[in-house]
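Written below as structure tokens is the structure these notes are about.
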Amino acid sequence: MIQPDQVLHQEKGASMEENWTEKRRWEERDYKMQEMVSRLLDERAAARQREEEQRQAGGGKAGIEEVMGLLNTLSNDSTRQHEETINAVRATANEQVPYNIQGYLDEFSKALATEVRMLLGEVGKLHEERLSIQHELGSLMMMKSKYGPGGEFDPESKSRMRFSAPPPRFPPPHIPPPSEDMPPLGRPSWRTVQQRSSRRSRKKQEAPPPESVPEPRQVHSWVTWQPNPALSPTPPSVEPTQLPPDRGSPGLFGHTNRRDDSSPEPVPAPRRDSGITWPWKSPTPSPSESSSPEPILPVPDRGSPGLFGPRSPRESD
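Residue numbers (UniProt numbering): 1 to 317.
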């Protein structure tokens, strides 16, 4: 009998222990909640105190309540005016004949678009006809200017232009001679103004570099020409003789032309000094030039011109 009492006592003690632990847990939770609420209350009080201080520091500034009230008043006034306007429009519309404005505008736009399309097509056709007529007129005017009097294909205008210039179409205008009593012409109003440079710019400008003086050229006198005695011609050992060619018979048709005449050309006489002393010539003649005789060149015999005249150079070769 004692043993079941002990078991009951142990179970009761365990349940009481659980209740005690649960109570302690609830107490701790309540304590934390109280601390959190107290902290929130303290923060709210501090925020109110700061707002009050800011309001006192701001002076006559309107608060949030006043601003909200003003906004509400304005919104109510605008709503009332809008309703009054709508009611007035409805009252005036009911007095007149009711009609559908949007449908009327749509029908009018469709009809107007069709007419505008037709008019634009007619305008395009007229423009094309005008261009074709202008092209035809231009071609006709060009043909008229070419084939008309004074044109490009007019024979009379060609002959007239070939022999004499056409008279001027308009007479020159008569310009009266200037009278002596006219006043002289005034000076033109245009003036050239030389811009002055500032003193600062003058100081900043550097002096131009001195121009280089060219060196004096050495002028030499003209050197007189002197013959070179080493290059003097030597006289030939045999004096050449000039033999006159045989002119031959005059031929069947008489004497030949002057070009075909094989008579020797006259040998030009040796040039003599005219007595003029040139600065580049030496006054003393060279002894080799005075002693050398004039060469005589032989002329070959071309023979008779033949029955039909002289032969060509190819045949003679």
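Positions of the beta carbon are idealized from the N, C-alpha and C atoms, including for glycine.
Range of the contiguous alpha helix (DSSP H) that encloses residue i
i	result
residue 108	101-147
Distance between beta carbons of residue j and residue i, contact taken as under 8 angstroms
i	j	result
residue 146	residue 152	5 angstroms
Residue i to residue j span [Cα, whole Å]
i	j	result
residue 78	residue 84	10 angstroms
residue 87	residue 113	37 angstroms
residue 89	residue 73	25 angstroms
residue 138	residue 132	10 angstroms
residue 126	residue 186	59 angstroms
residue 154	residue 181	53 angstroms
residue 118	residue 141	35 angstroms
residue 192	residue 214	37 angstroms
residue 211	residue 189	40 angstroms
residue 80	residue 39	48 angstroms
residue 156	residue 124	45 angstroms
residue 13	residue 23	15 angstroms
residue 103	residue 129	40 angstroms
residue 44	residue 6	56 angstroms
residue 26	residue 33	10 angstroms
residue 101	residue 70	40 angstroms
residue 21	residue 9	18 angstroms
residue 105	residue 76	36 angstroms
residue 149	residue 176	36 angstroms
residue 136	residue 169	29 angstroms
residue 82	residue 67	23 angstroms
residue 108	residue 92	25 angstroms
residue 115	residue 122	11 angstroms
residue 37	residue 15	33 angstroms
Spatial neighbours of residue i in its chain, beta-carbon cut-off 8 angstroms, leaving aside the 5 residues before and after
i	result
residue 48	none
Cut-off 6 angstroms between Cβ atoms - residues of its own chain near residue i, not counting five sequence neighbours on either side
i	result
residue 276	For residue 276, the predicted structure reports a pLDDT of 49, less than 50, and the residue's modelled location is therefore unreliable. The matter cannot be settled from this model.
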